[in-house]
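Mapping to full-length UniProt numbering: the sequence shown position 52 is 52, numbers consecutive. Beta carbons: idealized from backbone N, C-alpha and C, even for Gly.
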Amino acid sequence: MKSSTTVLLTALAISSVVDFADAHGRLISPPHRGYIGKLPKYAGLVPINYDDNGLSAGGIGGTKGGKHGVCGDPYSGVRQHETGGAYGLFPVHGSKVVGACYAPGSTVDLQVQLTANHKGYFQFGLCKLNGKHDKETNECFQTLIQPNGDKQWQVPPGNEVFTIQSVLPAGVT
């Protein structure tokens, strides 16, 4: 597949809204930036985040009026998971580690592993980054919808890997 017809999900961000709890889970497919360093094929390219299932934007006390970093980091702290942070660097020859490529407009299976389920919902967004100096912003993200038109996916009970289908925007390449 030519790169002009693929969507690089390097900036797929996951945000979970949870009632009075810190979230414990990770996006494993495509792998989020904090998780990708644990995968053998990326060994040595990205540092390992040993708390990759605990990104909670700094916790309830750390969010500033509900604000949080777009990639799960604290709003007023270091943005380790955004472009330029420890897990969002261009490590080798100026290239970025890409966890997956998809065709624009396709329906994709996103997999979330919950290690401690605190209820709530998931909402996914995609931010197109054209170059290594582009930064993720709230305005950049396009909310992904499910095939049924819903934007939010309600978390069922259980600590397991959940598969959520989302439709990618047709115009993002």
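Whole angstroms are fine: how far does the CA of residue j sit from the CA of residue i?
{"i": "T115", "j": "C71", "result": "19 angstroms"}
{"i": "V155", "j": "T163", "result": "11 angstroms"}
{"i": "W153", "j": "P147", "result": "11 angstroms"}
{"i": "L126", "j": "Y42", "result": "22 angstroms"}
{"i": "H32", "j": "L39", "result": "11 angstroms"}
{"i": "A100", "j": "G66", "result": "30 angstroms"}
{"i": "P157", "j": "E139", "result": "32 angstroms"}
{"i": "G69", "j": "G149", "result": "26 angstroms"}
{"i": "Y35", "j": "Q80", "result": "12 angstroms"}
{"i": "G54", "j": "S76", "result": "17 angstroms"}
{"i": "F141", "j": "H133", "result": "16 angstroms"}
{"i": "Y50", "j": "G37", "result": "9 angstroms"}
{"i": "S56", "j": "V78", "result": "13 angstroms"}
{"i": "G85", "j": "P30", "result": "19 angstroms"}
Which residue wins for smallest C-alpha separation from residue i, given the options the options?
{"i": "E160", "options": "Q111, G66 and G77", "result": "Q111"}
{"i": "T83", "options": "E136, V97, C140 and K119", "result": "E136"}
{"i": "D109", "options": "L144, E139, K119 and H81", "result": "L144"}
{"i": "F124", "options": "N130, Q165 and D52", "result": "Q165"}
{"i": "G131", "options": "V97, G120 and F122", "result": "V97"}
{"i": "F122", "options": "K128, K151 and L129", "result": "K151"}
Assign residue i to one of three DSSP states: helix, strand, or coil.
{"i": "K128", "result": "coil"}
{"i": "G65", "result": "coil"}
{"i": "I145", "result": "strand"}
{"i": "R79", "result": "coil"}
> Would you call the region 38–58 and the region 79–91 touching, i.e. three or more CB-CB distances under 8 angstroms?
Replying inline: yes
> Any chance the region 165–172 sits against the region 95–111, with 3 or more Cβ pairs inside 8 angstroms?
Replying inline: yes
>> Tell me whether the region 112–131 and the region 26–39 touch, counting them as touching only if at least three CB pairs, one residue from each stretch, are closer than 8 angstroms.
In response: yes
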